[in-house]
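Asks: Numbering (the numbering used here), first residue to last: 6 to 637. Right, I'll just put the structure down here and ask away after.
Printed below as a string of structure tokens:
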């Protein structure tokens with residue numbers, strides 16, 4: 006019986022497999038082939054276009070036909086106003102797979118070199134964002150291989166690359182801080198191609214070094230990188246001096262930034278004398294050994310100088326330099342200098358009354374200037390200076406806003422943009438100093454400044470929003486400067502790279518153009534500053550203030566309970582305060598007075614941690630001084 010049943014099952018299984026073989030269907034298959042572009046075009050074109058295409062390709066081999074189509078595609082991509090760098094590179098590689106380097110004109114190679122990679126600003130932002138997020142790229146420049154390939158193809162044509170071509174590569178390397186590649190490019194163009202570098206060439210190399218030092222650096226690599234940066238900077242300065250090349254204002258600012266990062270005090274002081282005519286030991290006096298060709302002292306140079314002095318830790322010189330370089334004495338003040346010095350009292354540099362009037366180089370401080378100044382002063386522990394300059398920044402913020410409103414009332418479309426606005430970075434350093442020293446008076450004053458600033462920011466946003474709604478659109482000029490007409494040809498790439506680098510060695514007659522006030526941008530900045538201040542006040546300040554207040558009360562309370570004296574401001578003396586009086590002074594709430602059991606004689610000390618094991622005073626809640634939602 007079992008054998009018959011197995012035979013039946015085997016027969017049924019065989020029939021099922023046979024049925025599956027009969028009903029089995031395979032997947033659909035399709036074949037693809039690559040056709041020349043002219044064949045694809047002929048399918049969608051009319052008979053006239055097809056005939057013209059056939060006549061144009063008559064007598065040509067298939068390789069020549071493909072090469073011509075690839076060249077047409079490349080030229081079409083390069084001629085677009087909005088082009089993708091990936092598409093340009095793809096078409097260039099497709100053409101070079103079917104052609105030699107000589108088959109492509111030099112101008113096309115140069116155009117591909119400038120358009121096969123992203124813009125310098127885009128690449129700079131992308132690289133900096135990744136490095137700050139801890140995702141450092143494995144190679145310094147993501148598209149370095151493309152630039153090398155195009156430069157190699159240019160040399161393969163039998164023509165050397167021009168200096169502008171190397172400037173394109175240097176501009177890309179400077180955007181990501183690839184200073185090693187920049188120095189290699191400089192060596193190639195000077196020794197291999199025998200080209201004479203310009204101030205712009207050295208400026209791009211210095212820019213690569215300075216930008217790399219501003220990016221995050223691993224701790225194990227910082228010492229070696231700073232040593233390399235200092236050595237390369239001195240090498241570039243020596244080469245510029247050997248070529249008798251003047252140091253432009255842009256290159257001087259870059260060198261100052263590099264020396265600031267490597268903390269080269271001697272070199273920094275010397276360049277301040279030679280470049281700007283400022284002796285940091287005596288900032289209100291002309292240097293004894295100065296240069297006849299001085300660069301204009303800008304706000305960026307002021308910020309670099311303040312940051313350098315702050316890193317050196319000399320707060321007295323930092324404050325002196327800030328006061329002299331932002332509020333200089335008039336040129337006629339040198340005539341009133343006293344020259345009646347005794348021989349034994351004569352020290353330093355004397356300025357006799359017969360000297361010519363001297364105008365100290367100066368610059369207008371901006372928000373970054375005050376943030377840098379307050380940061381270094383607060384880190385050094387100078388609470389008095391920190392309070393003074395924060396108060397000065399608050400007054401400057403109001404005066405700048407009042408001046409801006411009056412100018413907008415007279416000329417709403419021709420007003421210059423403001424240079425200062427109080428933000429979180431201005432207040433936080435002072436609060437950090439007060440928190441470290443447990444300076445409750447300064448901490449509460451910082452809270453008052455923050456609340457006042459938040460209230461004023463809200464009022465400013467409401468006022469400028471109403472002004473924006475009431476403003477008429479600006480008159481459209483016949484030849485706008487910010488945008489070019491569609492019919493005008495795109496600017497040359499070589500001229501677009503001349504920004505900030507080809508500045509003359511001597512100061513120009515006309516100052517650089519000022520930025521025009523943009524009310525939408527101003528509102529965005531105000532809203533950003535307001536959000537940062539409110540978030541910091543609610544999440545950081547209130548918690549820190551309540552915690553510090555509680556700790557001070559606990560520390561003084563332990564002295565009161567031990568019978569020791571404490572200092573009271575209203576009596577201006579150290580006195581012994583009774584426990585009951587101290588409870589009223591610090592406003593402690595009455596707790597439980599006794600406990601049942603064997604520890605009934607232990608008393609909970611009015612909000613303090615009692616000696617009874619396991620009982621603890623409730624944690625104080627943050628002091629609700631300010632509710633941002635209740636303000637108008």
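Glycine residues also receive a C-beta, built at the ideal position from the N, C-alpha and C atoms. None of these values were measured; they are calculated from a predicted model.
1. Using DSSP bridges, identify the partner residues of residue 580.
2. Which class does residue 212 belong to by DSSP, given the choice of helix, strand or coil?
3. Determine the contact status of residue 438 and residue 368, defining contact as a CB-CB distance below 9 Å.
4. State whether the region 301-315 contacts the region 370-377, with contact taken as three or more CB pairs (one from each stretch) at a distance under 8 Å.
5. Check each candidate in 294, 265, 231 and 329 and name the one with the smallest Cα separation from residue 317.
6. Which one of 454, 366 and 407 has the shortest CA to CA distance from residue 394?
7. Residue 166: buried (16+ other C-beta within 10 angstroms of its C-beta) or exposed?
8. Leaving out five residues before and five after residue 303 in sequence, what residues of the same chain have Cβ atoms less than 8 Å from its Cβ?
9. With DSSP run on the structure shown, which of helix, strand or coil describes residue 220?
10. Is it a yes or a no for the region 230-242 touching the region 282-302, going by three-plus beta-carbon pairs under 8 Å?
11. Classify residue 458 as buried or exposed, calling it buried when 16 or more other Cβ atoms lie within 10 Å of its own Cβ.
12. If we call anything under 9 Å between Cβ atoms a contact, is residue 233 one with residue 184?
13. So the candidates are 105, 204, 140 and 149; which of them puts its Cα closest to the Cα of residue 159?
14. Quick one: measure Cβ to Cβ for residue 256 and residue 211, integer angstroms, because I've assumed they're closer than 8 Å.
15. Which whole-angstrom value is the C-beta distance of residue 97 and residue 79, which I expect to be below 8 Å?
16. Kindly list the residues whose CB is nearer than 8 Å to the CB of residue 433, restricted to its own chain and excluding five residues on each side of it in sequence; keep chain order.
17. Going straight from the alpha carbon of residue 276 to that of residue 322, what length do you get?
18. Please confirm whether residue 366 and residue 330 have their CB atoms less than 9 Å apart.
19. Cα separation between residue 413 and residue 403?
20. Could you check the C-alpha separation between residue 435 and residue 448 for me, to the nearest Å?
21. Should residue 94 go down as buried or exposed, given a rule of 16 or more other Cβ atoms within 10 Å for buried?
22. Are residue 155 and residue 196 close, meaning C-beta to C-beta below 9 Å?
23. Three or more C-beta pairs under 8 Å: does that hold for the region 117-137 against the region 168-176?
24. With a CB to CB cut of under 7 Å and the five nearest residues on each side skipped, what residues in its chain are close to residue 230?
25. Please go through the same chain and pick out, in chain order, the residues whose beta-carbon is closer than 8 Å to the beta-carbon of residue 111, but skip the five residues on each side of it.
26. What is the rounded straight-line gap between the Cα of residue 200 and the Cα of residue 209?
27. What did DSSP end up calling residue 421 once you bin it into helix, strand or coil?
28. According to the Cβ coordinates, are residue 528 and residue 469 closer than 9 Å?
29. Apply the 10 Å Cβ neighbour rule to residue 548 and answer buried if 16 or more other Cβ atoms are within range, or exposed otherwise.
30. Straight-line CA distance for residue 520 to residue 405?
31. Whole-angstrom Cβ separation of residue 177 and residue 128, contact assumed at under 8 Å?
32. Tell whether a beta-carbon distance below 9 Å holds between residue 216 and residue 179.
33. Which partner residues of residue 521 appear in the DSSP bridge assignment?
34. Checking 9 Å against the spacing of the C-beta atoms, do residue 382 and residue 451 come in under that value?
35. Quick one: give me the first and last residue of the alpha helix (DSSP H) that residue 464 is part of.
36. Taking the alpha helix (DSSP H) that residue 434 falls in, what are its first and last residues?
Replies: With the given structure in hand:
1. For the purposes of this step, residue 580 is taken as residue 575 along the chain shown, with counting starting at 1. 571, per the DSSP bridge assignment.
2. By one-based count along the chain shown, residue 212 stands at place 207. If DSSP states are grouped into helix, strand and coil, residue 212 belongs with the helices.
3. If you number the chain shown from 1, residue 438 lands on position 433. If you number the chain shown from 1, residue 368 lands on position 363. Contact: no.
4. yes
5. Walking along the chain shown from the start, residue 317 turns up at place 312. Among 294, 265, 231 and 329, the Cα nearest to that of residue 317 belongs to 265.
6. As a first step, residue 394 must be located in the chain shown, where it is residue number 389. Residue 454 is the option with its Cα nearest to residue 394.
7. Locating residue 166 in the chain shown gives position 161, where the first residue counts as 1. Residue 166 comes out buried.
8. In the chain shown, the residue the question calls residue 303 occupies position 298. For residue 303, where only same-chain residues beyond five positions count, the Cβ hits under 8 Å are 254, 258 and 368.
9. What you label residue 220 is simply residue 215 of the chain shown in a count that begins at 1. If DSSP states are grouped into helix, strand and coil, residue 220 belongs with coil.
10. no
11. As a working note, residue 458 is residue 453 in the chain shown. Under this definition residue 458 is a buried residue.
12. Working through the chain shown from its first residue, we reach residue 233 at position 228. Working through the chain shown from its first residue, we reach residue 184 at position 179. Cβ atoms of residue 233 and residue 184: closer than 9 Å.
13. Residue mapping note: residue 159 aligns to position 154 of the chain shown, counting from 1. With distances taken between Cα atoms, residue 159 lies closest to 105.
14. Numbered from its first residue, the chain shown carries residue 256 at position 251. Numbered from its first residue, the chain shown carries residue 211 at position 206. About 6 Å separates the two Cβ atoms, so the contact holds.
15. Taking the first residue of the chain shown as position 1, residue 97 is located at position 92. Taking the first residue of the chain shown as position 1, residue 79 is located at position 74. Indeed they touch by this definition, with Cβ atoms about 6 Å apart.
16. Locating residue 433 in the chain shown gives position 428, counting from the first residue. Excluding sequence neighbours, residue 433 sits near 541.
17. Mapped onto the chain shown, residue 276 falls at position 271. Mapped onto the chain shown, residue 322 falls at position 317. Distance between the alpha carbons of residue 276 and residue 322: 17 Å.
18. The count along the chain shown starts at 1 and reaches residue 366 at position 361. The count along the chain shown starts at 1 and reaches residue 330 at position 325. Taking 9 Å as the Cβ cut-off, residue 366 and residue 330 qualify as a contacting pair.
19. Here residue 413 corresponds to residue number 408 of the chain shown, with the count starting at 1. Here residue 403 corresponds to residue number 398 of the chain shown, with the count starting at 1. Using only the alpha carbons, I get a separation of about 15 Å.
20. Within the chain shown, numbered from 1, the residue matching residue 435 stands at position 430. Within the chain shown, numbered from 1, the residue matching residue 448 stands at position 443. Roughly 8 Å separates the two Cα atoms.
21. What you label residue 94 is simply residue 89 of the chain shown in a count that begins at 1. The residue in question, residue 94, is buried, as its Cβ has 16 or more Cβ neighbours within 10 Å.
22. Working through the chain shown from its first residue, we reach residue 155 at position 150. Working through the chain shown from its first residue, we reach residue 196 at position 191. Not in contact: residue 155 and residue 196 (Cβ atoms no closer than 9 Å).
23. yes
24. The count along the chain shown starts at 1 and reaches residue 230 at position 225. Correct list, in chain order: 222.
25. Looking up residue 111 in the chain shown gives position 106. Counting only Cβ-Cβ distances below 8 Å, and skipping sequence neighbours, we find 159, 162 and 164.
26. Along the chain shown, one-based indexing puts residue 200 at 195. Along the chain shown, one-based indexing puts residue 209 at 204. About 16 Å.
27. By 1-based counting over the chain shown, the position of residue 421 is 416. Strand at residue 421.
28. Along the chain shown, read from residue 1 onward, the residue named residue 528 stands at position 523. Along the chain shown, read from residue 1 onward, the residue named residue 469 stands at position 464. A contact, by the Cβ cut-off of 9 Å.
29. Taking the first residue of the chain shown as 1, we reach residue 548 at position 543. Exposed: under 16 other Cβ atoms inside 10 Å.
30. Stepping through the chain shown from its first residue, residue 520 is reached at position 515. Stepping through the chain shown from its first residue, residue 405 is reached at position 400. Whole-angstrom Cα-Cα distance: 15 Å.
31. Residue numbering aside, residue 177 sits at position 172 when the chain shown is read from its first letter. Residue numbering aside, residue 128 sits at position 123 when the chain shown is read from its first letter. Right, their Cβ atoms sit about 7 Å apart.
32. Position 211 of the chain shown, counted from the start, is the residue given in the question as residue 216. Position 174 of the chain shown, counted from the start, is the residue given in the question as residue 179. Their beta carbons are under 9 Å apart, which means residue 216 touches residue 179 by this criterion.
33. The sequence position of residue 521 within the chain shown is 516, counting from 1. DSSP lists 421 as partners of residue 521.
34. Taking the chain shown and counting its residues from 1, the one referred to as residue 382 is at position 377. Taking the chain shown and counting its residues from 1, the one referred to as residue 451 is at position 446. It is not a contact, given that the beta carbons lie outside the stated cut-off.
35. Here residue 464 refers to the residue found at position 459 when the chain shown is read from its first residue. From DSSP, the alpha helix (DSSP H) with residue 464 extends over 445-475.
36. The sequence position of residue 434 within the chain shown is 429, counting from 1. Residue 434 -> alpha helix (DSSP H) spans 429-442.
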